[in-house]
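Novice: Attaching a single structure in structure tokens format; questions to follow.
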Amino acid sequence: MPIHLLPQPAPSVPAQAGSGVDSRGADAYGPATDEEPFTVRFAGLRLVHAALRRDLARLPNALRLLQPDEEDKGEALLRHWTFMTAMLTCHHEQQDTRIWPIVRRFAPELRLLLNWLEADHHNLDHSFTRVTTLVRIASRDTGSAWPVAYAMEDLAARLETHLRIEERQLLPRMDRVVTDSSRLGGLGELLDLLRSADGPGTADALAWLLDGVDPAQVERLLAECDDDVARNWPHWQATYQRCTAPLWGPAGGGATDGSLGSLVD
13 MPIHLLPQPA PSVPAQAGSG VDSRGADAYG PATDEEPFTV RFAGLRLVHA ALRRDLARLP
73 NALRLLQPDE EDKGEALLRH WTFMTAMLTC HHEQQDTRIW PIVRRFAPEL RLLLNWLEAD
133 HHNLDHSFTR VTTLVRIASR DTGSAWPVAY AMEDLAARLE THLRIEERQL LPRMDRVVTD
193 SSRLGGLGEL LDLLRSADGP GTADALAWLL DGVDPAQVER LLAECDDDVA RNWPHWQATY
253 QRCTAPLWGP AGGGATDGSL GSLVD
């Protein structure tokens with residue numbers, strides 16, 4: 013496979029003093045103890061991160077299992093990869109145009125890290141676009157499925173580095189400079205962006221974000237949305253599960269890494 017079609021290694025990351033990770037090891041997945049009250053801080057960012065990890069863990073295997081006579085499954089896999097890539101693009105837009113400018117203003121010591129993250133967003137977007145070309149081929153020619161699955165996994169490893177940097181160096185600092193009542197980085201803000209952008213629809217996006225999340229937490233997260241979203245949620249969820257069932261079975265096959273059920277504890 014031509015090397016220029018594969019994701020490229022990420023550049024070195026500027027070191028930041030005072031990343032904000034405390035001695036208990038708390039990170040973007042929530043407080044380290046059960047005594048602290050439930051919050052949904054930056055739920056939009058955290059849900060996107062978890063959904064990307066979930067799908068990048070199971071899509072390569074779904075591609076490897078694709079059989080020559082499963083054209084419908086191949087088309088479903090390509091649609092889901094394309095949708096996930098579109099969600100990543102919207103996520104980067106939310107960060108670059110809405111979140112990073114505010115963080116730069118109130119935490120100027122992070123400006124070098126923010127500049128690197130913004131540049132890496134562009135690099136990741138290009139890498140996902142290249143892999144999309146490969147997935148399009150593999151969805152119709154199962155003989156190329158294995159090398160394309162490896163390309164997916166390589167890209168997932170690179171994205172994981174990027175996500176961990178955001179979670180361990182940025183979110184703790186944002187938690188100190190953004191007020192509890194702010195919508196910045198929240199689920200509601202992300203859905204507003206999707207409505208105004210020419211991208212994934214609210215129904216598909218919300219069902220993708222909440223796939224595998226504990227039902228009790230889903231109810232709390234829906235409280236960030238308007239009444240129309242909460243009213244239509246059961247139908248959106250059922251439709252999404254029906255469309256993705258050919259890829260990994262009913263109800264998404266559950267959480268792949270055990271982390272989705274406690275995403276925002």
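With positions in the sequence shown counted from 1, the corresponding number in the working numbering is that position plus 12.
Ideal placement from N, C-alpha and C gives every residue a C-beta, glycine not left out.
Just so you know, these numbers come straight off a predicted model, no measurement behind them.
(1) For Gln181, which of Val60, Asp108, Leu124 and Arg117 has the nearest alpha-carbon?
(2) Taking 9 angstroms as the threshold (C-beta atoms), are Leu59 and Leu221 in contact?
(3) Buried or exposed: Ala219, going by 16 or more other Cβ atoms within 10 Å of its Cβ?
(4) Counting Cβ pairs, one atom from each stretch, are 3 or more of them under 8 angstroms apart for the segment 97–115 and the segment 198–209?
(5) Within 8 angstroms, do at least three Cβ pairs link the segment 121–136 to the segment 228–248?
(6) Buried or exposed: where does Arg185 fall if 16 or more other Cβ atoms within 10 Å of its Cβ makes it buried?
(7) Can you tell me whether Ala62 is helix, strand or coil according to DSSP?
(8) If we ignore side chains and look at the alpha-carbon of each, how far apart do Gln249 and Pro212 end up?
(9) Any chance the segment 141–153 sits against the segment 79–98, with 3 or more Cβ pairs inside 8 angstroms?
(10) Hey, out of Gly198, Leu136 and Met164, whose CA is closest to Arg110's CA?
(11) Specify the secondary structure class of Arg70 as computed by DSSP and reduced to three states.
(12) Considering only the alpha carbon of each residue, which of Phe118, Asp108, Leu77 and Asn73 lies closest to Val189?
Specialist: This is what the structure gives:
(1) Leu124
(2) yes
(3) buried
(4) yes
(5) no
(6) buried
(7) helix
(8) 15 angstroms
(9) yes
(10) Gly198
(11) helix
(12) Phe118
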